[in-house]
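Basically this note's numbering = 1-based index in the sequence shown + 8.
The beta carbon of each residue, even a glycine, is placed where N, CA and C say it ideally should be.
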Amino acid sequence: MKRTVRASLSEMRTCHRVGKLLQRYLYGEIDSTARQQVEQHLETCLKCGLEVNTYARVKQVLAHRERTGTDSTQDAEALARLRRFARELTESDGSRPDSN
């Protein structure tokens, strides 16, 4: 039991540390050692993997809007959905968000 609690606490600390790096990771603004640590963690952590995928999609939508100079309804709706999803991830207890 104690080992499970320790492992959970260790994983939470790792998620917290990785979470602080995700934005910079996506922009290639971290050194190779940190990048390797983030990528290793993302291979096993569903929550952080979903978070980085959400950030990447938001970045993609924003880049598209900037390139095209448009603020289409479809882009606005996609961005709103992604923001909701990101908010649910950060507020969740680690379980999967509802698919409603």
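Which whole-angstrom value describes the C-beta separation of residue i and residue j, a residue pair presumed to lie in contact below a C-beta threshold of 8 Å?
i: residue 60; j: residue 86; result: About 17 Å; that fails the 8 Å criterion.
i: residue 84; j: residue 62; result: With a Cβ gap of about 17 Å, residue 84 and residue 62 do not count as contacting.
i: residue 65; j: residue 30; result: With 8 Å as the limit, residue 65 and residue 30 do not qualify as a contact, their Cβ atoms being about 13 Å apart.
Please report the residue range of the alpha helix (DSSP H) in which residue i lies.
i: residue 63; result: 54-76
Say whether chain C places a C-beta atom closer than 8 Å to the C-beta of residue i.
i: residue 47; result: The displayed structure is made up of one protein chain only, and chain C is not part of it.
Label residue i either buried or exposed according to how many other C-beta atoms from any shown protein chain fall within 10 Å of its C-beta, with 16 as the threshold for buried.
i: residue 54; result: exposed
i: residue 24; result: exposed
i: residue 35; result: exposed
i: residue 72; result: exposed
i: residue 26; result: buried
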